[in-house]
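Respectively, the protein sequence lines represent chains A and B. Quick note: the first sequence uses numbering that gives the first Met the number 0, first residue 0, plus one each step. Quick note: the second sequence uses numbering that gives the first Met the number 0, first residue 0, plus one each step. Every residue, glycine too, gets a C-beta built ideally from N, C-alpha and C.
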Amino acid sequence: MAIEARRFVRRAPSKADKTLLVDIRITDMRAGDAAWWDAKLGIKHIPLQRADRYWVWSVLLPMCHLVQLTKRRYCRALVIWARNDQGRFLRVGMSMLIETYPYLDVTRSLDSYFVWFISAADPATLRADFGMTHPPALGRALLDNAIVLSQNAALGGRIGLHATAAGGKALLNLYSACGLSHLPTRAKLPAGVRPKNDGRFLFADESQAEAMAAMLDPSR
Amino acid sequence: MSKFMKLEASSPATLGAVVEAVTRLSTYSEAQILEFVSAGKIQELFPFRPTHADALPPDTVEEGDLVEASAMPLNREQRAALIQSSMPTASAAGSVAAGASRVRRSSKKTYSKR
Numbered sequence: 000m001a002i003e004a005r006r007f008v009r010r011a012p013s014k015a016d017k018t019l020l021v022d023i024r025i026t027d028m029r030a031g032d033a034a035w036w037d038a039k040l041g042i043k044h045i046p047l048q049r050a051d052r053y054w055v056w057s058v059l060l061p062m063c064h065l066v067q068l069t070k071r072r073y074c075r076a077l078v079i080w081a082r083n084d085q086g087r088f089l090r091v092g093m094s095m096l097i098e099t100y101p102y103l104d105v106t107r108s109l110d111s112y113f114v115w116f117i118s119a120a121d122p123a124t125l126r127a128d129f130g131m132t133h134p135p136a137l138g139r140a141l142l143d144n145a146i147v148l149s150q151n152a153a154l155g156g157r158i159g160l161h162a163t164a165a166g167g168k169a170l171l172n173l174y175s176a177c178g179l180s181h182l183p184t185r186a187k188l189p190a191g192v193r194p195k196n197d198g199r200f201l202f203a204d205e206s207q208a209e210a211m212a213a214m215l216d217p218s219r
Numbered sequence: 000m001s002k003f004m005k006l007e008a009s010s011p012a013t014l015g016a017v018v019e020a021v022t023r024l025s026t027y028s029e030a031q032i033l034e035f036v037s038a039g040k041i042q043e044l045f046p047f048r049p050t051h052a053d054a055l056p057p058d059t060v061e062e063g064d065l066v067e068a069s070a071m072p073l074n075r076e077q078r079a080a081l082i083q084s085s086m087p088t089a090s091a092a093g094s095v096a097a098g099a100s101r102v103r104r105s106s107k108k109t110y111s112k113r
């Protein structure tokens with residue numbers, strides 16, 4: 000019996016009212032999306048105390064693709080859009096994922112998806128400047144995109160990421176709250192995932208990934 | 000030629016310079032690159048920005064105008080098309096990607112570290 004592929008999520012809870020679901024859609028990222036993000040949202044993020052305040056997506060997008068090409072790997076860059084008060088869709092999230100990346104649990108010598116850069120628009124900016132009364136909470140959706148791609152690529156849903164130091168303890172806590180496991184600081188890293196383990200790597204194995212994805216199945 | 004511009008000189012970047020920067024960046028791990036970017040220091044390793052000759056796309060679109068991404072693995076042609084559409088222009092994408100491909104095949108490093 001054929002197993003049906005899992006789809007991306009199409010609804011996410013409102014940040015302000017978790018009982019309310021906001022329509023979201025996922026598209027592949029192109030140069031215009033990155034340029035728009037930098038000009039309309041990125042510039043508003045710079046004064047804020049955010050881990051991604053210096054991320055310039057119009058530079059990241061081509062750069063990440065090219066760097067991974069030299070490593071014989073591919074990036075998957077996605078945009079999350081959300082419905083605003085006028086019923087139209089607006090870019091609210093960006094992600095840069097790496098396919099077929101070494102799984103962070105070296106005891107198993109497997110591949111996974113690596114969540115390299117993920118960013119959600121500042122909710123206050125969406126409300127004030129873009130007519131979106133209910134910006135969606137995107138943390139789980141951004142991770143779910145990587146899990147779904149990993150599952151559909153026969154990688155078991157395994158994902159890994161490095162939480163940037165700019166995000167501090169709060170970012171580690173956020174990822175843990177989403178269901179990821181903290182890679183112990185004493186754990187070895189796979190070959191090619193340098194430098195030393197700084198204690199900010201997190202990952203999901205097959206069962207964790209399935210649990211995280213299943214939780215969002217009603218919203219697909 | 001590439002439509003990347005040098006950050007400070009505002010002059011077109013040569014293909015060789017972009018390839019050299021990409022090759023140098025590829026010696027760092029993804030976690031290291033993430034930290035460079037988050038610290039606002041990526042321009043020290045990749046001192047280019049794409050040109051924005053085209054007008055920005057509109058802020059919002061109708062649902063029917065969105066082409067939703069496939070949740071399935073992409074084939075080689077689909078990947079290539081997305082990489083092309085990620086570059087400042089299609090012609091630049093071809094030349095830069097080809098350059099990166101050349102670098103990938105070469106084991107000899109022709110750059111010096113800063």
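{"Item": "Residue environment, E62/B, which counts as buried when at least 16 other CB atoms sit within 10 Å", "Value": "exposed"}
{"Item": "Exposure label - A12/B; buried when at least 16 CB within 10 Å", "Value": "buried"}
{"Item": "Proximity of L148/A and A162/A at Cβ, strictly below 7 Å", "Value": "no"}
{"Item": "C-beta atoms of L109/A and Y102/A nearer than 7 Å", "Value": "yes"}
{"Item": "Interface residues of chain A facing M4/B [CB-CB closer than 8 Å]", "Value": "Those do not exist, as M4/B stays about 11 Å from chain A at its closest Cβ, beyond 8 Å."}
{"Item": "Collapsed DSSP secondary structure at K43/A in the structure displayed", "Value": "helix"}
{"Item": "Simplified DSSP assignment, three categories, for D50/A", "Value": "Looking at the sequence provided, one finds Ala at residue 50/A rather than Asp. Here A50/A sits in coil by DSSP."}
{"Item": "Alpha carbon of D84/A to alpha carbon of P183/A, nearest angstrom", "Value": "44 Å"}
{"Item": "Nearest-angstrom Cβ-Cβ length linking A50/A and A140/A, presumed shorter than 8 Å", "Value": "Actually they are not in contact, since the Cβ atoms of A50/A and A140/A sit about 18 Å apart, beyond 8 Å."}
{"Item": "Y174/A: first and last residue of the uninterrupted alpha helix (DSSP H) it sits in", "Value": "G167 to C177"}
{"Item": "DSSP-derived helix/strand/coil call for L77/A", "Value": "strand"}
{"Item": "Any C-beta of chain A under 7 Å from that of P49/B", "Value": "yes"}
{"Item": "Closest by C-alpha distance to M28/A, when choosing among P46/A, R75/A and S206/A", "Value": "R75/A"}
{"Item": "Neighbourhood of P122/A by C-beta distance below 6 Å, restricted to the same chain and skipping five residues each side", "Value": "K14 and P134"}
{"Item": "Those residues which DSSP pairs with A119/A across a bridge", "Value": "G92/A"}
{"Item": "Residue ranges of each alpha helix (DSSP H) within the stretch 24 to 91 of chain B, 4 or longer", "Value": "29 to 37 and 75 to 85"}
{"Item": "Residue-level contact to chain A via CB, S105/B, 7 Å cutoff", "Value": "Its pLDDT being 41, under 50, S105/B is placed unreliably by the model, and the measurement read from it follows with that caveat. Chain A, which has no Cβ nearer than 7 Å to the Cβ of S105/B, makes this no."}
{"Item": "Contact between the stretch 201 to 212 of chain A and the stretch 152 to 161 of chain A (3+ Cβ pairs under 8 Å)", "Value": "yes"}
{"Item": "Of the residues L24/B, Q42/B and L55/B, the one placed nearest T69/A, counting alpha carbons only", "Value": "L24/B"}
{"Item": "CB contact check: R78/B to chain A, cutoff 7 Å", "Value": "yes"}
{"Item": "Pair within 7 Å by beta-carbon distance, L137/A and L201/A", "Value": "no"}
{"Item": "Where K168/A falls, given that 16 or more other Cβ within 10 Å makes a residue buried", "Value": "exposed"}
{"Item": "Candidates E209/A, S57/A and W35/A, of which the one nearest P87/B by Cα", "Value": "S57/A"}
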